[in-house]
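Heads up: the protein sequence lines correspond to chains A and B, in order.
With numbering that gives the first Met the number 0 applied, the first sequence covers 0 to 668.
With numbering that gives the first Met the number 0 applied, the second sequence covers 0 to 254.
We put the beta carbon where it would ideally sit given N, CA and C, even for glycine.
Heads up, the thing below is written out as structure tokens.
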Amino acid sequence: MFSKIAINNVKRSFRDYSIYFLTLTLGVCIFYSFNSIESQNSILEMNKDADFMLTLNKLMAGTSVFVSFVLGGLIIYANKILIKKRKKELGIYMTLGMAKGKVSKILIFETLLIGVLSLLVGIVLGILVSQGLSVLVANILSVDLNKYKFIISISAIVKSVVYFGVIYLLVMIFNQFTISKYKLIDILNATKKNEVVKLKNSFLSALIFILSIAILAIAYARALKTGLAAENAELVITVLMGVIGTLLFFFSLSSFFIHIVQKIKRIYLKDINIFILRQINNKINTNFLSTTLICLMLSLTITLLFTAFDLKGTIDRNSAGSRAFDASAFLIADNENKDPKVNDIEEYLKDINFTFETYEKHTFYSEYKLNITIEDLLSKYLSKQEQIDLKQNYLDGAISAIKISDYNSIIKLNGKKAIDLKENEVLVVSNYGQLNNALPEYMKNEDIINIDDKVFTIKNESPIEENIKGTEGSKFFYLIIPDNFSGGLQLEFSSFNVIYEERYSKESEEKFAKLFTDFLADKYKDISPSLVIGKTKDQISDRENGMAAMIVFLGLFLGLIFIITSAAVMALQQLSDASDSLERYKSLKKIGVTDKLINKAILRQSLIYFLVPLGLAVIHSIVGICALRENFSFHYQSVIVSSLFLVVIYGAYFYATYVGVKNMVKNSN
Amino acid sequence: MQNVLSVEKIEKYYGNKDNITKAIDNISFKVNEGEFLGIMGPSGSGKTTLLNCISTIDNVTTGKIIINNKDITVLKAKALEEFRRDELGFIFQDFNLLDTLTAYENIALALTIQNRGLKEIDILIKDVAEKLDITEILNKYPFQMSGGQKQRVASARAIVTEPSLILADEPTGALDSKSSRLLLDSFEKLNKDFHSTILMVTHDSFTASYANRILFIKDGRIFNELIRGNDTRREFFNKIMEVVTLLGGDVGNVL
Chain A
0 MFSKIAINNV
10 KRSFRDYSIY
20 FLTLTLGVCI
30 FYSFNSIESQ
40 NSILEMNKDA
50 DFMLTLNKLM
60 AGTSVFVSFV
70 LGGLIIYANK
80 ILIKKRKKEL
90 GIYMTLGMAK
100 GKVSKILIFE
110 TLLIGVLSLL
120 VGIVLGILVS
130 QGLSVLVANI
140 LSVDLNKYKF
150 IISISAIVKS
160 VVYFGVIYLL
170 VMIFNQFTIS
180 KYKLIDILNA
190 TKKNEVVKLK
200 NSFLSALIFI
210 LSIAILAIAY
220 ARALKTGLAA
230 ENAELVITVL
240 MGVIGTLLFF
250 FSLSSFFIHI
260 VQKIKRIYLK
270 DINIFILRQI
280 NNKINTNFLS
290 TTLICLMLSL
300 TITLLFTAFD
310 LKGTIDRNSA
320 GSRAFDASAF
330 LIADNENKDP
340 KVNDIEEYLK
350 DINFTFETYE
360 KHTFYSEYKL
370 NITIEDLLSK
380 YLSKQEQIDL
390 KQNYLDGAIS
400 AIKISDYNSI
410 IKLNGKKAID
420 LKENEVLVVS
430 NYGQLNNALP
440 EYMKNEDIIN
450 IDDKVFTIKN
460 ESPIEENIKG
470 TEGSKFFYLI
480 IPDNFSGGLQ
490 LEFSSFNVIY
500 EERYSKESEE
510 KFAKLFTDFL
520 ADKYKDISPS
530 LVIGKTKDQI
540 SDRENGMAAM
550 IVFLGLFLGL
560 IFIITSAAVM
570 ALQQLSDASD
580 SLERYKSLKK
590 IGVTDKLINK
600 AILRQSLIYF
610 LVPLGLAVIH
620 SIVGICALRE
630 NFSFHYQSVI
640 VSSLFLVVIY
650 GAYFYATYVG
660 VKNMVKNSN
Chain B
0 MQNVLSVEKI
10 EKYYGNKDNI
20 TKAIDNISFK
30 VNEGEFLGIM
40 GPSGSGKTTL
50 LNCISTIDNV
60 TTGKIIINNK
70 DITVLKAKAL
80 EEFRRDELGF
90 IFQDFNLLDT
100 LTAYENIALA
110 LTIQNRGLKE
120 IDILIKDVAE
130 KLDITEILNK
140 YPFQMSGGQK
150 QRVASARAIV
160 TEPSLILADE
170 PTGALDSKSS
180 RLLLDSFEKL
190 NKDFHSTILM
200 VTHDSFTASY
210 ANRILFIKDG
220 RIFNELIRGN
230 DTRREFFNKI
240 MEVVTLLGGD
250 VGNVL
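In structure tokens form, the structure reads like this:
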């Protein structure tokens, strides 16, 4: 009997439930898709790197918990609005003598029904979406999907069911709580409550509005000036100013706006604009807190989506100049130990019985530390902030040097011509120019370097940006010194570089990858105490791609959830406001306002309501992205893809809201 | 005197073939320009149905309703909306003012939907506010007004467009007696001084006594007609009471 009422209720109020259902389904779908990532083909390729998988799993688990909190909050909020809307219906059940317990039983059954349905549909949709995601992952990780496989992740299904099960359980408990608090008289009179319109001082609202604009302008200026790489405390102040500015903006916007529009009679006294204005004024006034929250969430989302999509491009570009060798390894010199064998990687390799094949072109070389630091050298050209930046990124300290004979053998591997260096000359090999202008300025203005009180002329006019080894760090700084350099030198690394023969590249890669993994596992500790670290080109790019994948994933995951959450909250607010305004629409109809005008009014209201927070969010994110620009560079592809996500989801909610309100008004008499 | 409204043999049925309720059963009457017509009758007599039919909210089963030489029973939905907007003014029992709008804006709304000029709107509103003595409360919201003030604002909204016919449905139904008297005084003023044509539905004899002529309806038919002529309001009121007693209804049935 009760299940019958519940099923009929869900069927009948499907329109009311449609936004709720849409939100739940989308939530489940996205949740499943991202959690199914562990079983994706392309990720399985990466599975060799256990470290990466562990980090990914941990991050996904953490994010999932966070996301379930956000979704849980959203679902409870949506449910609360639905219950409010149905107060009268519940009141009728109670006047008919149905016990509260039975009323809540109906509600439990309804939640269960919607829950199970949305879980089913969501997971089925998620399975479809995750196939597309799999292609995207392959693209990001530059993995060839030679064999397409249809994947269903059981663990992700279980996870979705458990997480959403808990959320639905919470909703049920919340409903019980709400029902038990209701008094019959309040429920039946719920619709009769009068709305009190808050009157606002126009002067004060204008003042607050101007203040908010000023605060935002200052926050923007700060963000653009220092970028997001500023010191933490400074950054916190900038962000805080942005938040306060946004809050005040929405607090004063509608009052200010209405006073302006009232002055423009051409707009004010056209059609039923008077009515539209007052409706919006009412809503934004009372909902300014949630509007602020939505605006900030959208800003974060847009910035997140943009940067996530762009990270991959950035990494590809970064690695372009610094990957000249297929494999590189270095032995960290122990200068306490005078035994030359311990500090020579060639000897070390002999000890562990590692030999190079004839087709593996290689060269050994030594890296030294000079008695001069980068700060000493560039101090004149570095601003305070740039010095701090260098220090934070461990790019300061003693300058590395390589003797010219070693350098020549390194570049010969790449088929380049040897360089002649006189006794009093040095070469600068560095890409520090990408960080700041200090190095290029130095090389433009000065052509000598003073090392240990001896003057050297810089042979090259601008730094050589080709790295001398394959490293993970993307920034490097070397001085190439003459072989008979007489100043203080301290051996830092003993290294080798390898270039594979095209034909045997696969075998060589396997061989070196295994060697380096063994190094990492301290396998040769018993033979030699030396610490050797090596990476092949593929290992480095896998790691970087893996990182890019992780950031793109989490960015997408959070971004999508944020868009859904904010759009859903706005849609629900609109719908509940509309049902509160039904009487007003009826009055409009009675005094002769045409249906066409009413629909136009609804469209304009929804549009303004959805666009206002989005508009400010877009401005926020443009500033945020510009501030990030120094760390990333943007291209149009990412703009298009992320805008598409935003427009499709946000647009769908907007349309659903517009149609929902329109039907509600249409069916009201 | 020109005819503003002419109702010809209208009938309104509810229900299906087996079970017909005649809400209006063959009613005909005419309203001249500048007339103040009252329609009285007990609950269920069909007076609200009649008003709904005249105000184009409901349609008749048979018969013609001609307002300003236009037969509204044959108009299409869109033409009806325009007709309602331009030719009719409504005053409701529950005011139907928009609570989010000031008095000024509520009145302006009736004009803006007719796409009137900007200057015209302001002049018309100030003018009508003076007529109904609501100039002081133009910038107030409905929740800041008394019931009588609300109804006068609603009346201002109804007449500001200068409609051919003002339809009032129990206008004093939600007002106390003092406010009722004030409102009816302004109706009388509108009718006498500005020649507005008013059709008022009420079941209150005192309210009805302000009209020039009263139609009594019972069970969907015209039962009686009273014309005030040169009677004072007291005399007219007594005549109305006699008919009401005869008619039965609210009080009469109990006694």
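Bridge pairing for Phe-28 of chain B: B:Val-6 [DSSP].
Taking a beta-carbon distance threshold of 9 Å, Asp-98 of chain B counts as an interface residue toward chain A. In terms of CA proximity to Ile-113 of chain A, A:Ile-18 leads the group A:Ser-378, A:Ile-18 and A:Ser-586. Per DSSP, the beta bridge partners of Asp-168 of chain B are B:Val-200.
Chain order gives no chain A residues near Asn-51 of chain B, where near means a beta carbon separation below 9 Å; the closest approach is about 11 Å.
Beta-bridge partners assigned by DSSP to Gly-147 of chain B: none are found. Under a 10 Å Cβ-count criterion, Gly-116 of chain B is classified as exposed, with fewer than 16 other Cβ atoms of the shown protein chains found around its own Cβ. Taking the CA atoms as reference points, Ala-222 of chain A sits about 10 Å from Ile-624 of chain A. For the 9 Å CB-CB criterion, Asn-449 of chain A and Ile-371 of chain A form a contact. DSSP lists A:Ser-399 and A:Gln-489 as the bridge partner or partners of Lys-368 of chain A. In this structure, Val-425 of chain A and Ile-457 of chain A form a Cβ contact; the two beta carbons are roughly 6 Å apart against a cut-off of 8 Å. The residues Gly-88, Val-127, Ile-165, Leu-189 and Ser-195, in chain order, have a CB closer than 7 Å to that of Ile-158 of chain B in the same chain once the five nearest residues on each side in sequence are set aside.
Secondary structure of Arg-542 of chain A (DSSP, three-state): helix.
If you look at Leu-348 of chain A, you'll find it in the alpha helix (DSSP H) that goes 344-350. Linking Gly-486 of chain A to Asp-451 of chain A through their CA atoms gives a straight-line distance of about 6 Å. Residues Asn-2 and Ser-5 of the same chain have their beta carbon placed closer than 6 Å to that of Lys-29 of chain B, with the five preceding and five following residues left out of the count.
For the pair Ile-239 of chain B and Asp-218 of chain B, the Cα-to-Cα distance works out to about 18 Å. Phe-363 of chain A and Phe-495 of chain A have their C-alpha atoms spaced approximately 4 Å apart. Cβ contact annotation for Ile-226 of chain B (same chain, cutoff 6 Å, sequence separation greater than five): Arg-212, in chain order. Met-39 of chain B carries a strand assignment under DSSP once its states are collapsed to helix, strand and coil.
In this chain, the alpha helix (DSSP H) harbouring Gly-623 of chain A covers 594-627.
Take Ser-117 of chain A, set aside five residues on each side of it, and the residues of its chain with a beta-carbon closer than 7 Å to its own are Phe-20, Leu-23, Thr-24 and Val-27, in chain order.
Note that the stretch 597-608 of chain A does not touch the stretch 61-79 of chain B; fewer than 3 beta-carbon pairs, one per stretch, sit closer than 8 Å.
Residue contact check for Gln-278 of chain A against chain B: a CB pair falls below 9 Å. Around the CB of Asn-407 of chain A, 16 or more other CB atoms lie within 10 Å, so the residue is classed as buried. Put simply, of A:Asp-537, A:Asp-541 and A:Ala-520 the residue whose alpha carbon is nearest the alpha carbon of Val-531 of chain A is A:Ala-520. Annotation: Cβ neighbours of Val-592 of chain A in chain B (cutoff 7 Å, chain order): Ile-112.
DSSP places Tyr-267 of chain A in the uninterrupted alpha helix (DSSP H) bounded by 264-267. The Cβ of Phe-222 of chain B sits no closer than 9 Å to any Cβ of chain A. In the DSSP annotation of this structure, the continuous segment of the alpha helix (DSSP H) that includes Gly-90 of chain A starts and ends at 86-94. As the crow flies, the alpha-carbon of Ile-106 of chain B is around 7 Å from that of Val-152 of chain B. When only Cα atoms are considered, Ser-382 of chain A and Met-240 of chain A end up about 26 Å apart. Contact annotation for Phe-274 of chain A against chain B: Leu-97, Leu-100 and Leu-108 [CB-CB distance below 7 Å, chain order].
Look at Leu-206 of chain A here: in three-state DSSP terms it is helix. Spatial neighbours of Gly-45 of chain B in its own chain (CB-CB distance under 7 Å, excluding positions within 5 residues in sequence) are listed in chain order as Ala-22, Ile-23, Ile-216 and Gly-219. DSSP lists A:Glu-424 and A:Ile-447 as the beta-bridge partner residues of Thr-456 of chain A.
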